[in-house]
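Chemist:
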Amino acid sequence: MTIPTMSVPAQQEQATFRALLNAMARPGTVYHLPTPRPDDGIWGGALLVLQALLDHEVTFHVLSDQALPHDQLLRRTGARSASLGRADFVLARGGGAVAAVEEAREGGFEEPERSATVVLVVDSLGGDGVALTLSGPGIEATSMLSVGGVPAAAFESLRRRTITFPEGVDVILVDTADHVAALPRSTRIAMATDSRTSDQKNQKKVEA
Amino acid sequence: MANVSTLLADRRAEFTGYSFAFLDDMAKREIRRSILKAIAIPGHQVPFGSREMPIARGWGTGGLQITLALVGPTDAIKVIDQGDDASVNAANLRRLIAKTTGATEVYATHEATLIQTRHRIPEERLGAGQILILQVPVPEPLRFVERSVAAARAMHAERDYAQMWLALYEDIVRRGEVSAGAGYPVMVNHRFIMAPSPIPRWDIPKLHHAQSLFLFGAGREKRIYAVPPFTDVRPLEFEDFPFDTEHFDGKSCIRCGATDSYLTESPREDGSKVAVCSDSSYCDDTLSGRKVVNRW
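Listed in order, the protein sequences are those of chains A and B. If you count by our numbering, then the first sequence holds residues 1 to 208, one letter each, in order. If you count by our numbering, then the second sequence holds residues 1001 to 1296, one letter each, in order.
1. Ends of the beta strand (DSSP E) at Glu1265 of chain B?
2. What residues in the stretch 80 to 107 of chain A have a beta carbon less than 7 Å from any beta carbon of chain B?
3. What would DSSP say about Pro1185 of chain B, mapped onto helix, strand or coil?
4. I'd like the list of long-range same chain contacts for Ala52 of chain A, defined as Cβ closer than 6 Å, with 5 residues on each side in sequence excluded.
5. Residue ranges of each beta strand (DSSP E) run of no fewer than 3 residues wholly in the stretch 16 to 104 of chain A, ordered along the chain?
6. With distances taken from CA atoms, which of B:Glu1246, B:Thr1264, B:Leu1168 is nearest Asp1240 of chain B?
7. I'd like the list of long-range same chain contacts for Ala1210 of chain B, defined as Cβ closer than 7 Å, with 5 residues on each side in sequence excluded.
8. In this structure, how does DSSP classify Gly1062 of chain B when only helix, strand and coil are distinguished?
9. Any Cβ of chain B within less than 8 Å of the Cβ of Ala25 of chain A?
10. For Val1292 of chain B, collect the residues of the same chain with a Cβ closer than 6 Å to its Cβ; drop the 5 residues on either side in sequence, then sort them by chain order.
11. Assuming the contact rule is C-beta atoms closer than 8 Å, Pro1235 of chain B and Val1276 of chain B should be a hit. Round their C-beta distance to whole Å, please.
12. Using DSSP's beta-bridge definition, name the partner residues of Thr117 of chain A.
13. First and last residue of the beta strand (DSSP E) that includes Thr142 of chain A?
14. Check the Cβ of Pro1042 of chain B against every Cβ in chain A and list those closer than 8 Å, keeping chain order.
15. Any idea if Ala208 of chain A is buried or exposed, counting beta-carbon neighbours within 10 angstroms, 16 or more meaning buried?
16. Using Cβ-Cβ distances below 9 Å, what residues of the stretch 1014 to 1035 of chain B are close to chain A?
17. Could you tell me the distance, in whole angstroms, from the CA atom of Ser198 of chain A to the CA atom of Val174 of chain A?
18. Between B:His1044, B:Gly1271, B:Cys1253, B:Ser1288, which lies nearest to Pro1141 of chain B when the distance is taken from Cα to Cα?
19. What does the alpha-carbon distance come out to for the pair Pro1054 of chain B and Asp1085 of chain B?
20. Quick check: what's the CA-CA separation for Ala286 of chain A versus Val98 of chain A?
21. May I ask whether a heavy atom of the ligand ADP can be found less than 7 Å away from the beta carbon of Leu50 of chain A?
22. Excluding the 5 residues preceding and the 5 following Gln203 of chain A in the sequence, name in chain order all residues of the same chain whose CB lies nearer than 6 Å to its CB.
23. Can you list, in chain order, the residues of its chain with a C-beta nearer than 7 Å to that of Phe109 of chain A? Leave out the 5 residues immediately preceding and following it.
24. Would you say Cys1253 of chain B faces chain A, with C-beta separation under 8 Å as the test?
25. Between His1208 of chain B and the rest of its own chain, which residues show a CB-CB distance below 7 Å, the 5 nearest in sequence each way excluded?
26. Can you tell me where the alpha helix (DSSP H) holding Ile1039 of chain B begins and where it ends?
27. DSSP three-state call for Glu1177 of chain B: helix, strand or coil?
28. Taking Thr35 of chain A as the query, report the chain B residues whose CB atoms sit under 9 Å from its CB, ordered along the chain.
29. If I follow the unbroken beta strand (DSSP E) through Ser124 of chain A, where does it start and stop?
30. Leaving out five residues before and five after Arg188 of chain A in sequence, what residues of the same chain have Cβ atoms less than 6 Å from its Cβ?
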């Protein structure tokens, strides 16, 4: 018997999933995604992530003025679009991150896995930005992650939502250089005291 | 330049009747979504649409579906059944994975990237680049104190584990010990009581703050759950009645002579029994003189 070969999309999905698996298992550690389509622009990495996870069984919601991510997800995945409060996956960028984290679907205590997964497109991971100190499962002691291009309020909101663990949402961060990191709800987030200044700095970059 | 007919001929040559890694892409996506949620909520059982597999339910289909959702052509696959790479079930699962993916089959624990296992955790400590996938018969640790799935789910939601503690207490009062030998219940991340699958008590401490990721798959019961690396995993115990592992005082493996590994009894023709390492890779290492540096 010859060994079945993987199609190119299947290869990308498998490699993307393994990066996500590592990222989710080791919150704050940054992993590389496969190379996305060049014409997807800043959404390339996030679309890779969502293509690996979405099909007709789930729904998504995009918080952006740009039509590209919404259209491409409809075209490529077979998933349906749903309102922010009902979608299984939420994609957002810049200022939209606050609403995404705040209003994404909750799973409840009996079925916490039914909560949404929020994918945030950020300017950078590990560069300038909001400095997060992370601890919890997957992290040996503490782990540092700085996220550029997302208001600190988004992480405040995330922290508030995960107080009632196992309630909460899980966040996947993708930057424009095809890096990925995750903040599952099990992660405790502390922000540096200067988060206010970096927040103001970030506000300028936020999508209009 | 390739024309359409040569491309189609290439496709026909590639066609084997099976998808890469057996499962279709949609099944993989659904399993992958469940795995990510399982990791985000350590110890919580996430339902998944367990597919029909070419082996019977109860023979490792849960673990197999996780392995097939993860595996790529560059992975090195190890499958063990009670620690043994060469048992019939382990060999068949490993061949199925390798034949449908091209992944390398390995026996040595340190060479594997993915290890699917029934009822053991290897003696050699797993590293950050390794993932252990455990086959699970009964994923619900409360099954033996609460028969209703809905009621057990509510108990998990409310972190109401009084019945479990009471059952352990009654066990100690009646028998003088906690009778759970394999699959001793553990508390994960101070939140969920979890069935670690029927691994011996010997293996329970390995789950606590490990470097590797542990994924649990129950195919018949359609549940996936996970223990991420560096997660607090503690066996249930009372202050005055601490958890204890098995002891093999004075015994050694008849094959390699090891005294520091989990030993199983092997019957001989005359009715007597001898002790032998349950972990065949560790036994081979000891026999060949390779020093296993990484211990748990």
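We put the beta carbon where it would ideally sit given N, CA and C, even for glycine.
Modeler: Quick answer:
1. Position 265 of the second sequence, counted from the start, is the residue given in the question as residue 1265 of chain B. Element bounds for Glu1265 of chain B: 1263 to 1267.
2. none
3. Position 185 of the second sequence, counting from 1, holds the residue named residue 1185 of chain B. If DSSP states are grouped into helix, strand and coil, Pro1185 of chain B belongs with coil.
4. Residue numbering aside, residue 52 of chain A sits at position 52 when the first sequence is read from its first letter. Once the five neighbours on either side are set aside, the close Cβ partners of Ala52 of chain A are Glu13, Thr16, Phe17.
5. 59 to 63, 89 to 93
6. As a position in the second sequence, residue 1240 of chain B is number 240, starting the count at 1. The candidate whose alpha carbon is nearest that of Asp1240 of chain B is B:Leu1168.
7. Here residue 1210 of chain B refers to the residue found at position 210 when the second sequence is read from its first residue. If we look at Ala1210 of chain B and ignore the five residues flanking it on each side, its Cβ neighbours are Leu1126, Pro1229.
8. Residue numbering aside, residue 1062 of chain B sits at position 62 when the second sequence is read from its first letter. Reduced to three states, the DSSP call for Gly1062 of chain B is helix.
9. As a first step, residue 25 of chain A must be located in the first sequence, where it is residue number 25. So yes, Ala25 of chain A belongs to the interface.
10. Numbered from its first residue, the second sequence carries residue 1292 of chain B at position 292. The residues are Glu1124, Asp1285.
11. On the second sequence, position 235 is the one that residue 1235 of chain B refers to. On the second sequence, position 276 is the one that residue 1276 of chain B refers to. The Cβ separation is near 26 Å, so there is no contact.
12. Position 117 of the first sequence holds residue 117 of chain A. The partner list for Thr117 of chain A (beta bridge, DSSP) reads A:Phe89, A:Asp170.
13. For the purposes of this step, residue 142 of chain A is identified with residue 142 of the first sequence, where counting begins at 1. From DSSP, Thr142 of chain A is part of no beta strand (DSSP E); its letter is neither H nor E.
14. Sequence index remark: in the second sequence, residue 1042 of chain B carries index 42 (1-based). Within chain A, the residues near Pro1042 of chain B are Pro137, Ser186.
15. Walking along the first sequence from the start, residue 208 of chain A turns up at place 208. Note that Ala208 of chain A scores a pLDDT of 34, beneath 50, so its modelled location is shaky; the value from the coordinates is reported in the next line. Exposed is the call here.
16. Glu1014, Phe1015, Thr1016, Gly1017, Tyr1018, Ser1019, Phe1020, Ala1021, Phe1022, Asp1025, Met1026, Lys1028, Arg1029, Glu1030, Arg1032, Arg1033, Ser1034, Ile1035
17. Working through the first sequence from its first residue, we reach residue 198 of chain A at position 198. Working through the first sequence from its first residue, we reach residue 174 of chain A at position 174. Only weak support is given to the placement of Ser198 of chain A: the predicted model assigns it a pLDDT of 46, under 50, and the value that follows is read from those uncertain coordinates. Rounded to whole angstroms, Ser198 of chain A to Val174 of chain A spans 19 Å at the Cα level.
18. For the purposes of this step, residue 1141 of chain B is taken as the residue at position 141 of the second sequence. Considering only alpha carbons, the answer is B:His1044.
19. Here the question's residue 1054 of chain B lines up with position 54 in the second sequence. Here the question's residue 1085 of chain B lines up with position 85 in the second sequence. When rounded, the distance between both Cα atoms is 20 Å.
20. Since the displayed chain A opens at 1 and closes at 208, residue 286 of chain A lies outside it and no answer follows.
21. Absence of the ligand ADP is noted for the structure shown, with no ligands found whatsoever.
22. On the first sequence, residue 203 of chain A is found 203 positions in, with the first residue counted as 1. Unreliable positioning characterises Gln203 of chain A in this predicted model, as indicated by a pLDDT of 43, which lies under 50. The coordinate reading is nonetheless provided below. Correct list: empty, nothing qualifies.
23. Stepping through the first sequence from its first residue, residue 109 of chain A is reached at position 109. The residues are Pro166, Glu167.
24. Position 253 of the second sequence, counted from the first residue, corresponds to residue 1253 of chain B. Not closer than 8 Å to any Cβ of chain A, the Cβ of Cys1253 of chain B fails to qualify, so no.
25. Working through the second sequence from its first residue, we reach residue 1208 of chain B at position 208. If we look at His1208 of chain B and ignore the five residues flanking it on each side, its Cβ neighbours are Asp1232, Val1233, Arg1234.
26. The residue given as residue 1039 of chain B occupies position 39 in the second sequence. Segment 1025 to 1040, the alpha helix (DSSP H) holding Ile1039 of chain B.
27. Here the question's residue 1177 of chain B lines up with position 177 in the second sequence. Residue state, collapsed to three classes: coil.
28. Stepping through the first sequence from its first residue, residue 35 of chain A is reached at position 35. Within chain B, no residue comes near Thr35 of chain A; the closest Cβ sits about 16 Å away, beyond 9 Å.
29. Within the first sequence, residue 124 of chain A is the residue found at index 124, counting from 1. Ser124 of chain A -> beta strand (DSSP E) spans 124 to 135.
30. As a first step, residue 188 of chain A is located in the first sequence; it is residue number 188 there, counting from the start. Contacts found: Ser135, Gly136.
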